[in-house]
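Below: one structure, written as C-alpha cells.
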Amino acid sequence: MGSVLRKRKGKLMKLLNCLFILASFSELAVARVRKVPVSGDQIVTVKTAIGIATIIQVPDRPNSVVVGDQESFKVEYLDQAITIKPLQSSAKSNLYVYTDWKRYNVQLITGSESNADYVVYLESPKATPTRSPTTPWRRFSNSLKNENLILETRKVGAPRENLIAIEFLISSSKNEKFDPNWIWLTQNGQTKVIQNLFVSNLNLGPQTSVNGVIQILKSDISFDEPLRIELRRKKLSYLTIPKVDSWKQMKVQR
C-alpha cells in the first residue's frame, strides 16, 4: 500500500513540475510581447539583444523614424511598425517614431537575449486623443545615379512652420557604408545648410536600402530659385527640385 502511494505521489510531483515549467514558458512568452499605453511625452524603454529583431508597433503608420546612434542600431520599416536590430552589444540610444497623430519617445537598451522584447505595442490611451499637427506631404519623384548608387526623392513636406523636409531613398548594387557627407544642397551655385539629416541605417547593399529625410530652414533658401540635391563622391551627380516656390504656401495642418 505504501509503495503504491509513493508511486502516485511521485507521478503527481512530476505532473506538477511539468505544469510549473509550462507556466514559466507561458509567462516568459507573455513578457516578451508587451502592450504599453503611452500618454503625452512618456518615454518607453524597449529591451533589445544581439541576434533579435524587436518589433515596435504603433497605432498609425510611421512617417519617419529618428535614432540617436545610427551606427549601433539598424531600423527597418514595416506597415504599421518598425524593426530594431542592435549592431553592438551594450548599445543604447534614444528613438523617435513620428506618425500623423503623435510622436513616440523610446529608449533602446541592448542586453541579454533572455530579457529582450520581441514585440512592443505602443498604444494610445483609451480616451480619444487630440489630433496633433500633421505634415502636408507632396509627392515629388526624381532620381540621380552616381556610379553604383541611385538616390530617389519621394516627397516634400513641411513638418513645422519654419522647416522644409525632403524624403529620399538611396540604393546600391554593392555592399558599402553610407556616408552622410555625400549629401549636399545647393541653390544658384551656393551651398545651403542642411539643418537635419535623418537616415534609417548606414548599411547599403543589393538587399538593403537607406531611407532618409533632409530638413532645411525655410529662411535658408530662396523660393524663387530651383534647389539641387547633390551626391558628391569620386564624381558629382545631382537632381533638381524646380518648384520651390510652391513650398512657401505649405503650412502645418491641424
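Note that the working numbering gives residue 215 to position 215 of the sequence shown, counting from 1, and the numbers run on in steps of one.
For every residue, glycine included, the Cβ atom is placed at its ideal position computed from N, Cα and C.
If you're wondering where the values come from, they're calculated on a predicted model, not measured in any experiment.
Item to check | Assigned secondary structure, Pro180 (DSSP; H/G/I helix, E/B strand, else coil) | outcome: helix
Checklist entry - How many Å lie between Ser119 and Ser172 at the Cα? => result The amino acid at residue 119 is misidentified as Ser; the sequence shows Val. Whole-angstrom Cα-Cα distance: 30 Å.
Item to check | Spatially closest choice to Ile56 from Ser143, Glu123, Phe140, by CA coordinates | outcome: Glu123
Checklist entry - Span of the beta strand (DSSP E) holding Glu152? => result Here the beta strand (DSSP E) through Glu152 covers 149-157.
Checklist entry - With respect to 6 Å, is the separation between the Cβ of Glu76 and the closest non-hydrogen atom of the ligand ATP below this value? => result In the structure shown, the ligand ATP is absent, as is every other ligand, since no ligand is present at all.
Next on the checklist: With DSSP as the reference, identify every bridge partner of Ser237, one or two as the case may be.
Outcome noted: Leu231
Next on the checklist: Threshold first: 3 residues or longer. Then list the beta strand (DSSP E) segments lying entirely within the segment 44-118, N to C.
Outcome noted: 54-57, 64-67, 73-77, 81-86, 92-98, 103-111
Checklist entry - By Cβ distance, which residues of its chain are closer than 8 Å to Ala116, with the 5 residues on each side in sequence left out? => result Arg32, Lys47, Thr48, Ala49, Ile52, Thr54
Checklist entry - Taking Cβ positions, are Glu167 and Val210 nearer each other than 7 Å? => result With a cutoff of 7 Å on beta-carbon distance, Glu167 and Val210 are scored as not near each other.
Item to check | Three-state class that DSSP yields for Ser219 in the structure shown | outcome: Three-state result, Ser219: helix.
Checklist entry - Going by Cα to Cα distance, which pick from Glu225, Val58, Ser64, Asn162 is closest to Lys155? => result Ser64
Item to check | Trp182 versus Ala91, Tyr98, Leu202, residue with shortest Cα-Cα distance | outcome: When C-alpha distances from Trp182 are compared across Ala91, Tyr98, Leu202, the shortest belongs to Leu202.
Item to check | Neighbourhood of Gln207 by C-beta distance below 6 Å, restricted to the same chain and skipping five residues each side | outcome: none
Item to check | Ala192 - partner residues in DSSP beta bridges | outcome: The sequence given here has Lys at residue 192, not Ala. In DSSP, Lys192 forms a bridge with Leu185.
Checklist entry - Going by beta carbon distance, what residues of the same chain come within less than 7 Å of Ser90, once the five residues before and after it are set aside? => result Thr110
Next on the checklist: Let me make sure I understand the geometry here. Which of Asp60, Leu239, Lys35, Thr45 has the alpha-carbon closest to that of Glu152?
Outcome noted: Leu239
Item to check | Between the CA atoms of Tyr96 and Ser72 - distance to the nearest angstrom | outcome: 15 Å
Checklist entry - With which residues is Lys35 paired in a DSSP beta bridge? => result Tyr121.
Next on the checklist: Residues in the same chain with beta-carbon distance under 8 Å from Gln42, minus the five sequence neighbours each way, listed in chain order, please.
Outcome noted: Asn105
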